[in-house]
Ligand SMILES: [Zn+2]
Ligand SMILES: [Zn+2]
């Protein structure tokens with residue numbers, strides 16, 4: 001397996017890799033999915049180091065970058081790839097910059113609580129999140145055919161307007177981005193988020209059949225598929241108690257929590 005100073009590479013199966021940044025407090029995961037004709041890279045990480053150094057060692061296939069959402073911690077190395085895809089509702093942020101956060105806030109978040117040596121190529125004072133035109137737009141229900149492997153795109157707004165979940169139908173892997181992960185709260189408490197949409201999206205992913213494993217973009221790598229039953233229950237509890245609005249606080253469920 002690849003040894004790298006910044007990234008941790010873990011093999012999920014023969015054709016699927018997690019590329020993680022455990023030296024940073026956010027514990028971000030990006031995912032490389034290999035097919036026969038091409039590969040998909042789900043997100044490109046924090047951008048503190050160059051993720052292409054890793055993907056170059058894992059595949060010679062052409063890579064399409066699929067963006068779960070346009071937040072700085074998931075588009076860090078977008079600039080190293082030719083082909084970038086995003087949902088239309090996050091497209092404006094990709095081109096013109098992320099709204100609602102100042103560059104100082106973004107830099108502060110990116111540069112704190114790092115527990116391993118920061119690469120010399122990274123300068124926290126001049127860091128700018130990636131901006132650029134996407135190659136193409138993804139929408140709900142789109143299929144990405146990798147040859148022997150089929151990915152289904154789900155539009156799952158709430159954490160961001162154009163947030164996407166990606167379902168690898170061939171293997172049953174559901175990549176949930178920042179819509180669902182464990183340990184730290186799922187964020188839907190600042191102005192560019194939408195609690196109603198987030199709960200709608202959680203309900204939507206809880207209905208996806210034949211999920212074998214859930215991969216969020218932060219914290220524990222790989223969650224049991226039965227977390228989706230807990231998600232279903234959580235949606236019901238939040239609805240019944242009229243909690244789906246800003247300011248109702250952090251709601252804890254079995255295996256995850258949500259902050260409104
Ligand atoms: Zn995010
Ligand atoms: Zn994130």
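Numbering (the UniProt record's numbering), first residue to last: 1 to 260. Built from N, CA and C at the ideal position, the CB exists for glycine as well.
- Counting the other Cβ atoms within 10 Å of the Cβ of residue 173 gives 16 or more, which makes it buried.
- Distance from residue 19 to residue 45 at the Cβ level is roughly 7 Å; contact confirmed, criterion being Cβ atoms closer than 8 Å.
- Under the DSSP definition of a beta bridge, residue 213 partners with 173 and 224.
- In chain order, 218 and 219 place their CB closer than 6 Å to the CB of residue 27, counting only its own chain and leaving out the 5 sequence neighbours on each side.
- Boundaries of the alpha helix (DSSP H) harbouring residue 200: 195 to 206, taken from the DSSP string.
- The Cβ neighbour count for residue 51, taken over all protein chains shown within 10 Å, is at least 16; the residue is labelled buried.
- Contact between residue 229 and residue 245 fails: their C-beta atoms lie close to 25 Å from each other, not under 8 Å.
- Near ligand 1, meaning a Cβ closer than 5 Å to any of its heavy atoms, lie the following residues in chain order: 71 and 178.
- Placement of the Cβ of residue 74 at a distance of less than 7 Å from at least one heavy atom of ligand 2 is found.
- Straight-line measurement puts the Cα of residue 73 at about 30 Å from the Cα of residue 148.
- Contact between the region 87 to 106 and the region 124 to 138 is present: 3 or more CB-CB pairs across the two stretches fall below 8 Å.
- A distance criterion of 7 Å places the beta-carbon of residue 217 in contact range of ligand 2, judged by its closest non-hydrogen atom.
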